[in-house]
Amino acid sequence: MYISLVSLSIGGNLMCTVEVKLPEEELGGLVTLKFWNQGSRAGQFHLSTVIYEPHSDAGISAVAFHPGKNMAVSSSFGCNFKVWVQSLALQSSDGKSQSGWRCQSVGSYKKKPMTAAAFSGDGSVLAVAAESVITLWDPDNNALVGVIAEALSPITKLSFAGDSAYLMSLSQSSKPQVAVWNVSNLSMQWSYTLFAEAACCSSSKSEFAVLSLLSCPEGGAPAEQDGIILIFDAENSKPVSSWSVKKAKGGSIAFVKDGPSFDANTDDTRGGEASLLVYVNGSHEYVIFDPLKNEEPQISKSTRKNIQTDEPAPIGYASIYGELPKLELKKEVSDIPFIPSDRPWETIFTGSSHALPPLTKLCSVFLASLLEKRPVTDE
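As structure tokens, this is what we get:
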């Protein structure tokens with residue numbers, strides 16, 4: 007089992023995860039959608055709702071939360087998407103209030119796989135990618151309100167640039183593309199042909215970042231492939247800034263709001279809330295920095311070390327109960343001493359079973375005890 011997708015709400019109080027249980031010998035595969043509520047401590051979440059196979063036997067391509075209400079969307083390769091809402095709190099028998107998530111609506115477009123989904127900044131528009139076509143929906147009424155022209159290849163990532171009307175799409179197939187679409191007039195603003203590993207948009211400004219891979223040098227390992235982070239303003243195709251990074255293969259990026267926990271001396275001269283960028287490389291090391299400043303990043307940590315990706319995952323009995331302990335047999339086992347008695351039938355079967363003499367000795371003594379010995383006379 008592995009976690010394929012994780013999504014957090016903007017406030018950080020809700021979380022959604024997608025767990026995939028791999029089939030064993032083509033049997034037993036399962037996709038589970040789970041909703042979590044934030045606990046009393048930071049980073050603590052309590053399980054709220056478990057939904058088994060939310061899209062039948064199809065895999066889930068994306069999950070996203072509504073920015074202003076307890077609503078979420080999940081898109082699937084099974085040619086549909088579902089809008090989930092949190093039900094009202096219910097009073098349980100033990101006096102505690104409980105709440106769960108339920109499906110509010112289901113949508114599809116020409117029986118095409120739904121490959122990405124995202125809410126607009128104000129939550130009034132839901133964008134869902136039907137392979138290379140971007141469809142726009144009213145999330146409350148589940149009504150199709152618009153369709154944007156096709157991209158070059160199937161879209162794997164959708165994200166609105168802040169509160170603006172610009173929508174960023176990312177395609178990662180043999181025909182890669184990073185495109186910006188104007189939702190107001192349903193047209194493409196501009197696009198680039200980039201081999202992008204990841205992309206993200208700021209929640210407060212019309213800027214977004216793209217992690218692009220550079221060509222791997224001869225003899226170099228693909229896992230250590232370097233890359234470049236490009237910062238764009240949605241209205242202009244010229245990058246605002248760029249950062250060279252190492253180990254970009256398998257990496258990711260995300261915007262976070264600046265705060266005292268990051269840098270108490272941060273002075274936002276751009277107006278509004280400052281946005282910091284988090285970059286996680288392929289070795290699970292991350293750095294937090296201001297992408298629009300020329301200062302060297304200072305905050306960097308490693309979350310995991312010595313990760314062995316080639317180690318096979320346990321299956322069957324070991325995946326549930328763990329590996330069985332290895333028992334080491336003693337090389338030398340001393341024979342159990344055997345001392346016959348005059349009346350062996352009284353003590354022959356007494357004591358623990360593991361302390362009994364071997365059967366070969368027991369049998370001969372037991373049979374001898376049943377026979378009557380006669381004196382031998384010389385004739």
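Going letter by letter, the sequence shown gives residues 7 to 385 in this note's numbering. All residues carry an ideal CB built from backbone N, CA and C; glycine is no exception. Predicted model, so just to flag it, every value in this text is computed and none were measured.
Among the options, the one whose alpha carbon lies nearest that of residue i
i	options	result
VAL134	GLU301, LEU176, GLU213 and GLY168	LEU176
VAL262	SER82, TYR115 and LYS211	LYS211
LEU39	TYR8, GLY17 and GLU378	TYR8
VAL91	PRO145, LEU150, ALA155 and ASN188	PRO145
GLY84	ALA68, LYS75, LEU330 and SER375	ALA68
HIS290	GLU301, LYS252 and LYS181	LYS252
LEU197	LEU220, SER208, SER209 and LEU173	A quick correction: the sequence has Ser, not Leu, at residue 197. Nearest C-alpha to SER197: LEU173.
LYS116	GLN104, LEU94, ILE140 and TRP107	ILE140
Contact test: residue i Cβ vs the ligand ATP heavy atom, cutoff 7 Å
i	result
SER208	The ligand ATP is not among the ligands present in this structure, which contains no ligands whatsoever.
8 Å contact criterion, which residue i and residue j should meet: CB distance rounded
i	j	result
ALA167	ALA240	4 Å
ALA157	SER138	5 Å
VAL246	LEU192	Actually they do not touch by this definition, with Cβ atoms about 26 Å apart.
PRO232	ALA254	Reading the sequence as shown, one finds Asp at residue 232 and not Pro. The pair is a contact, with the Cβ atoms about 6 Å apart (cut-off 8 Å).
GLY65	SER82	6 Å
GLN44	GLY18	7 Å
7 Å CB neighbourhood of residue i in its chain, flanking five on each side removed
i	result
ASN86	HIS61, VAL112, GLY113, SER114 and MET120
PRO29	GLY35
ALA204	LEU217, GLY257, SER258 and ILE259
GLY277	Note that GLY277 scores 48 on pLDDT, short of 50, meaning its location in the model is unreliable and no value can be drawn from it.
Through-space distance from residue j to residue i, alpha-carbon basis
i	j	result
ALA270	SER54	Bear in mind that the predicted position of ALA270 carries a pLDDT of just 43, short of 50, making it unreliable; the figure below should be weighed with that in mind. Using only the alpha carbons, I get a separation of about 35 Å.
SER159	GLY328	43 Å
ALA185	MET194	7 Å
VAL293	LEU330	40 Å
ARG47	ALA149	39 Å
ALA202	PRO182	7 Å
HIS52	ASN242	42 Å
VAL286	LYS27	26 Å
GLY6	LEU236	The first residue shown for the chain is 7 and the last is 385, placing residue 6 beyond what the model contains.
MET77	GLY106	12 Å
Neighbourhood of residue i by C-beta, 6 Å cutoff - its chain only, sequence neighbours within 5 removed
i	result
TRP12	In the sequence on display, residue 12 carries Val and not Trp. For VAL12, where only same-chain residues beyond five positions count, the Cβ hits under 6 Å are THR23.
SER15	PHE71
SER250	ILE234
ASN147	none
SER208	GLY168, PHE261 and SER281
Chain-order list of residues whose beta-carbon lies under 8 Å from that of residue i (same chain, five-residue window excluded)
i	result
LEU132	VAL79, VAL89, ALA123, ALA124, PHE125, SER126, LEU142, TRP143, ASP144 and PRO145
PRO381	none
Buried versus exposed, by CB contacts within 10 Å (16 or more), residue i
i	result
GLU59	exposed
ASP296	buried
ALA136	buried
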